[in-house]
Amino acid sequence: MPTPKKEQRPPIHKLEEGLQLTIERIRQRAAKRSEKYRDSLEAEDYDGALKLAEETIENEPANIEAIEIKIIALTGLQKIGEFKRCVLENVELIQHDFEALYFTMHYTIYFLLKHEEFYILTEDKKFMDIFLHFLDIVLKEEDSPEQNKAFLYFQKSYFTPNGSFSRKKKIRVMLESIREAYRLDNKEDPTLNFLILDQYVSCLYVYFTTFREFAPETFSIAKGIRKETKASREEKILGEAIVITAYELLCRIFIKDKRITEAKKCFRDLFRFSDRIFSDFWDGIVDATVTDGGFWEEFPAEERISFCDAAIAATFPYKEILFTKARALEKIRRYDEALEVYLDATKSQPVLKSAEKEIVEELDDDINNGIKRCRAALRKK
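Our numbering puts the last residue of the sequence shown at 388; the count rises by one with no breaks.
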């Protein structure tokens, strides 16, 4: 899973309202704990609350209530750097006071999801290790609704790559966390459901060589997404994209394992499922085909042509797709059409923009050889 960057914030728009309500409840609870801070917090006078908290901390460094108020105030003032320092300086105190830990973790999530400079937190591996440690404590001890736990497991899976664990452990934690999130999710919030499923498929997609044994399970889960009765049109489109990704995942695994019969069935099922084929799908299939070879040749020529036409209509006339179509046309001796498609392929760009130079050059050679064969065949007519 890619490490989140400043421009790659999680798509949590609908969840922000629920998170805001959680934060508001925590703020109100804190205000009730001490009259000293109540007026400032209720008036959202965060400068005043911060000043009062710092005065207390100066005299009583271990005053957990004052530390809580300082964290609330820094969140309200959007002082993300100071927020981070405050948490790091008080880890021992916070982790042994469950209420303080619980709300510190939620305020951290608030920053991670809402603040445009959240990367300041994610790039600090020490801070993220502490955040993930706090998450683990809450998930083990907090008697909260399962949907809230599902949300927290989602956070754990999403932000684990920012920790300092080994790569293998990160992958395992991500996958186990997102599986637990899916198990606990009560499906009443379609947005959370789709985010969890998207992360689930993404984890497997990125690390499919490590966790290929989970692919069939993920695929069956992904197919079920279209049956969500509460899903909006926008969410159903998202669901469709996730299912296509799951198809690609399975197809690539089958190709690499030389399980061509299963790969063919998976590929055909995709076209029965949807006419919305995305370029990312073709990137992966072409990648697997170029790397391992032979997959397209397993299909009858007419069927290959229909696949390519669907791909061109839904994406772009990429060089590899045009080449595949031209080869199929040539195989059934429609040389004039094949020649036209080969010539179009010479002007088109490859799907694999980052492909090795030798692969692209080899493809260009294959296209040029196809042009020569078709011209020779047409001259003989």
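Beta carbons: idealized from backbone N, C-alpha and C, even for Gly.
Query, Result
"Residue-chain proximity (residue 327, chain D), Cβ-Cβ < 7 Å", "Structure shown: chain D not included; a single protein chain is present."
"Sequence-distant residues of the same chain with beta carbon closer than 6 Å to residue 349, five excluded per side", "333, 374, 377, 378"
"Spatial neighbours of residue 88 in its chain, beta-carbon cut-off 7 Å, leaving aside the 5 residues before and after", "127"
"Residue 119 and residue 110 closer than 7 Å at C-beta", "no"
"For residue 304, the nearest candidate out of 323, 316, 331 (CA to CA)", "331"
"CB-CB length for residue 262 against residue 302, believed under 8 Å", "5 Å"
"Alpha-carbon to alpha-carbon, residue 206 and residue 72", "36 Å"
"Distance between residue 257 and residue 388 (C-alpha atoms, nearest Å)", "44 Å"
"Cα-Cα separation, residue 328 to residue 33", "55 Å"
"Candidates 86, 186, 62: closest to residue 121 by CA position", "86"
"Collapsed DSSP secondary structure at residue 339 in the structure displayed", "coil"
"Other residues of its chain near residue 144: CB distance less than 7 Å, five sequence neighbours each side excluded", "102, 108"
"Residue from 55, 179, 180, 157 with nearest C-alpha to residue 198", "157"
"Cβ-based burial, residue 57 [other Cβ within 10 Å; buried from 16]", "buried"
"Pick from 252, 66, 132 that is closest to residue 172, judged by C-alpha positions", "132"
"Cβ-Cβ distance between residue 84 and residue 117 below 7 Å", "no"
"C-beta atoms of residue 311 and residue 335 nearer than 7 Å", "yes"
"Per-residue DSSP class, three states only, for residue 325", "coil"
"Where the alpha helix (DSSP H) containing residue 82 begins and where it ends", "71–83"
"Own chain, CB closer than 6 Å to residue 98, minus 5 neighbours either side, in chain order", "137"
"Neighbourhood of residue 361 by C-beta, 7 Å cutoff - its chain only, sequence neighbours within 5 removed", "Residue placement at residue 361 cannot be trusted, given a pLDDT of 49 that sits under 50; what the coordinates show is reported in the next sentence. Result list for residue 361: empty, nothing under 7 Å."
"C-beta atoms of residue 76 and residue 93 nearer than 7 Å", "no"
"Length of the line joining the Cα atoms of residue 106 and residue 209", "33 Å"
"Residue 276 - DSSP class collapsed to helix/strand/coil", "helix"
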